[in-house]
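Numbering (mature numbering (1 follows the signal peptide of the UniProt record, and there is no 0)), first residue to last: -37 to -1, 1 to 1077.
Just so it is clear, CB atoms sit at the ideal spot from N, CA and C, and this is done for glycine as well.
Notes for the one structure printed next.
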Amino acid sequence: MPLKKKIKIKMSNVFKKLSIVVLAVAMMVTAVAPAGAATTEELQAQISALMAQINALNVQLSGTPATTVSSYTFTRNLTVGSTGADVMELQKFLISKGNLVLATPTNYFGNMTKAALAKFQAANGISPAVGYFGAITRGSVNGMMGTTTPTTPTTPTTPTTPTTPTVPTGTMGVSVVTGVGATLPKGASNATVLTPVFTGNGTITALTITRTGVGATTDFSNVYLYDAGVRLTTGRTINSQTHQVTFTGLNIAVQGSKTLTVGADVAAAATVGNQHAFSIASASDVQADVTASGVPVTGATFTIGGQSVGTVIATKNGSISNPSIGQRAAKLSEFKLEAGSTENVTVSRISMFYSGNLSRANLSNFELKQAGTVVAQGSAITDKDLLVLTFTTPFRMERGAVRTFELFGDIAGGTKADETIKFYIDDASDIYVIGDQYGFGVTVTKTAFDSDAADHHVLTLQGGQITISFNGPNASDVAVRATDVVLLDFSIASANNVEIRSISFGATTTNLIAGEGFNDFKVRRQDTGAVLTSSSDVATTSAITFTDPINLTAGQTLRLQVIADVDADSDASDTIRVTLNGFGASDIKNLDNNQFVAVANIVPNGITGNLQTVVAADLQVTLNGQPSSQTVVAGASDVAWVGYNFRATGDTVRITALTIDGSAASSSIATDLGSVALYDGATRISDWEAVNTTTYKATFDNLSVSIPQGTQKTLTVRGPLSNSATTAAVYFFSATSSDVTAVDSNGNTLTLTFTAVNTAQTVKMTVGAPTLTFTKVVTVNSTDAGIVTANGVSTLSEYDVYARNGASNVTQFNVGVQAQSTSTAATTTLAQEVAEIQLFLGSTQVASAFPDAAGTYAGIARFGDGVNTVFSIPANETRRLSVRARLNDISLSTGASTGSNIYSYLVGTSTLGFKATAGTQTLTDATGIGTSTTIGEQKVMYKASPVIVKESGVDGATIFAGEQDVAKFRVTSNGTISFKKMSFNISLSNATLTANSVKLYRDGTLLTTSATNVAAGGVAAIVLTTEDVVDTSSPAVYTVKASVAELGTGSASLTTAFLTTGDGSVVTPAAYAATLGNMVWSDRSGQPHSETSTDWTNGKFVKDTSITFTRTKS
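Given below as structure tokens:
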């Protein structure tokens, strides 16, 4: 058979195979599995396999083996919400391993990346496999990065066409991304509480989310719905009756798969210990043009913590000139952010609301700048009038820092004068700032940068039939012999088709003498560089007129630049300022009506540029603020020793060599530091150079660091510190003008004269010993005694962990649980109650372990092997460590008992070892572990527990003679509970009660038959004839009624308080007796339960029994 025919047949077969696979993938993606069909994970696995076959077939078609090359090194921890180039590299890696299917890698770490990373961790034996990219995973991945040797691909077998899941027509699958519950700090902004995933094809028009759990709706001030970081609606509150929040007015297209995010703001006064989970409870909660399947779905359970997050305040700043029609890079807004004193923070996203009457379509190419540097960008304003500015690299702010941000954008030429531009923050959650210590969004105050006219910039567009806008440049230096220097940059926008027949400029110069000047003065287009006019030389102050025709079409904005060359004979201090002179009555012809444009219709008619000064090329060197002086530890692998700012003036400058001088530091600098290198950001740009043992200097030569004129570059000296570095030694580097070698754009060596840098030891590093300190947090629920419930995860204790003098990686750590609080030498274990101990840093789980059931270490959970990192604490920073427990059920089979006391503690080194590494140093102990000061506060375990929430309608009402409501409250439970006794303290002023008139109602039904006589005020102890049952499906609203017999003239009041006074400690569960406490309830764990079963206790720790109600009259 001819070779050509063989190739044709082979190619045909490959195409057939490829078509089958592509068709199979398409069928898989567009189908949704109903109950009983393939799971999402199974479908994902099939798709991954099919995609791999497509890649192999593509290789055959191209005839070129696939080669994967990567040399990326990961250097930081990553989690949900992280952004940056390293996130994209991680996604590429996960795709290459078959764990992630993504059309195009992005720089955002979302839930898909988390799930894929968890699969990779599980497949490679990395624990915990929770999708957190920490030190262990980072080390494993870095070890796998490198070049994959190309192999000749084998011919793939023709894939079996997968069976398309039998999905009923017109359905949409619903699932949630499985998450891990967390402790939500008070005031946390935009905490992700549910991540629903919709699969199939359809359009969602409304979505209802239901809150469940032993908590109150008032724990959240707002709930939001997001699509890929874009807020879809305003903040919604949770209905106090239905515990639901509904998002309406949606138009969410689902084509294959759509992941949304539900975020919530935690109220500053949220009740500590309350628990919440969010769900899509029924198919009717998803309003769409197809029917939802796979519901109900519920996310993780979250607990309200007692700590409060940090703060950020947003404020309007400065004043802004009104922009012009067609202006490019126009300044549109300015504001400042101020970080509070609680946490260092990182700004990840800012969404600005647009409310001007200039069409949002006429604004584009947005840039957010901080100190002149672009930190975030946005292409357009959404149909929700939001400009979403996502930071490519999250912007970090230290505690108390104040930073000013400026928004710039382009204005279209076909706009109208007097239209307005207004940007501000509509919702506090639109500034998404993460706190370092707790890992949640901080509380944002935006009242000084909101919709009030005085709190944001209101800009009015300037312009006429012809509109001229100034673009720059700013006053700056220009170099001798520089060519095509921009002296004036401006835009001309026209409402009509026009021809500019004459354009005139004024050139004002100083200090020019014979032979000096600015040559080849002309006009060019900024976008194409095309020269539009003839040229002229400027030797003195003069006017230059060009008559070359320049045409503009209707609605066009033409950006022009006046450029010239600086004469080689010009001297430093020669100056030039260029002005666009006003157009005359016959300079611009309107081609639509064949009339000249009137001068009055040219706005503004003429502009003045900034002063440009001729200077000799120079390089200024100053000390950078990072790093700052700090303590470092022996063995630290990467120490930033000093940072220098290099600023080029007069010309582009290239650094060819740099010497750093450590001769004034401790004499051990050469032996303790060894070698150092020069870095531009994270990129090493020099060879490793040894510190000379005689001169104590290091020289970086063969450099080629180019710095454009008028810009600045920061270079940092970095390197390791010896394991045997001298404690208390002080190390620093300085530089003088003779230590830097640089040349201009023509290769001429510069004579530098900058002031010596860091000779005064402004930045110095002191060698110190590393320590770790664990401090129990005493202001949060974890250390305030409370109830924990069976079959759930509860926080037992929390600690602020501080790493002094160096980043510490904890590799061996032990936590115990016991039934006493007096010491850590417990004899009673709680393995029957506590199934698992979990460790969290902020909101991220870092480890889990099972406590020993018996033996020497009974009740102790051991974390780490002394080699691999369990968790890390950055140098000289504090992180919040939470100890949580997954509890067993209370039953005969588990042996867990209701009313069990649980105390957590940090196991001391006398019992089990502790180990952490800081640099190459090993810590075998830490302050706080093994001491009574770090024993967690009392937790009491029940099968279920009540939460009492105050209802409206009584507090603040008017007192009157006769029967009236004196208290009203809602009781919810995370299981089934019973009440038998409730007590209330009723106090009156200028009024009395009718004897025995206090009654208790549930949902309008009378429950009680008698009450203590409180005619003059006092305690009403209401004992129910039969116990009253509350469960998760039937929360109860209780009302206390009483009759006022006498009401005096003038002011009067009646106050009712839920009484648990006297219930000073938890009683051991016992048979019912009214004497157990002022409030007596049961978790109904007795088998069987009755009034004689030993599962009754008092109201100690019940949330929240400290509520009061007051009726008054004046």
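Can you give me the C-alpha to C-alpha distance between residue i and residue j, rounded to a whole angstrom?
i            : j     : result
Q575         : D415  : 41 Å
Q558         : E297  : 42 Å
A958         : T861  : 39 Å
A227         : N153  : 5 Å
T266         : A240  : 9 Å
L969         : T1057 : 28 Å
V870         : G779  : 6 Å
T309         : V421  : 29 Å
N514         : T134  : 57 Å
residue 1139 : T619  : In the structure displayed, the chain extends from -37 to 1077; residue 1139 sits before or after that span and is not available.
G319         : E382  : 8 Å
S1016        : S1006 : 13 Å
I865         : G236  : 16 Å
G155         : D815  : The question names Gly, yet the displayed sequence has Thr at residue 155. C-alpha separation (whole angstroms): 34 Å.
V407         : I463  : 51 Å
Y762         : K944  : 38 Å
T173         : R199  : 13 Å
T746         : P148  : Confidence in T746 is poor, its pLDDT being 35 and thus under 50, which makes the residue's placement too unreliable to answer from.
D581         : T714  : 8 Å
Looking at C-alpha atoms only, which residue of the options is the closest neighbour of residue i?
i            : options                 : result
S45          : T356, E297, A263, A548  : T356
D530         : V577, S242, G518, T410  : V577
T989         : E1054, H420, P998       : E1054
residue 1078 : Q218, R194, G178        : A query on residue 1078 cannot be resolved here, the shown segment of the chain reaching from -37 to 1077 and no further.
Y1001        : S1016, I985, A1008      : I985
Q675         : V208, L554, S941, D643  : D643
A263         : T222, R487, D346, G144  : G144
A233         : A692, T378, Q270        : Q270
A798         : G755, V137, T166, G827  : G755
A456         : P159, G377, I167, V726  : G377
D966         : G102, Q204, T734, M107  : Q204
A391         : F354, V584, N437, I313  : I313
D635         : S845, N777, G598, G427  : G598
P733         : A723, S760, A766        : A766
V809         : E1009, F834, K962       : F834
T38          : T921, D601, S1048, Q781 : D601
V525         : Q519, V541, R843        : V541
Kindly list the residues whose CB is nearer than 6 Å to the CB of residue i, restricted to its own chain and excluding five residues on each side of it in sequence; keep chain order.
i     : result
I1070 : K913, F1021
E330  : V337, Q340, F371
S1045 : S941, D1058, W1059
Rounded to the nearest angstrom, how far is the Cβ of residue i from that of residue j, given a contact under 8 Å?
i            : j    : result
A640         : N655 : About 15 Å separates the two Cβ atoms, so there is no contact after all.
A889         : F877 : 6 Å
S497         : F509 : 6 Å
I397         : I388 : Rounded, the Cβ-Cβ distance is 17 Å, inconsistent with contact.
Y317         : K385 : 7 Å
residue 1079 : Q84  : Absent from the structure is residue 1079, since the part of the chain shown begins at -37 and ends at 1077.
S631         : A692 : 6 Å
Spatial neighbours of residue i within its chain, please: C-beta separation below 7 Å, excluding the five flanking residues on both sides.
i     : result
T1031 : G862
V443  : V529, A531, S533, V577, A579
T423  : N285, D381, T383
When we look at the beta-carbon of residue i and count the other beta-carbons within 10 Å, is it buried (16 or more) or exposed?
i     : result
A29   : Unreliable positioning characterises A29 in this predicted model, as indicated by a pLDDT of 38, which lies under 50. A coordinate reading is not provided.
V365  : exposed
T712  : exposed
G822  : buried
Q775  : buried
R1074 : buried
T1060 : buried
P512  : exposed
M904  : buried
Considering only residues of the same chain and omitting the five flanking positions on each side of residue i, which have a CB-CB separation below 8 Å?
i    : result
A293 : P286, S287, F371, G372, D373, I374, S432
N568 : I431, G545, F546, V562
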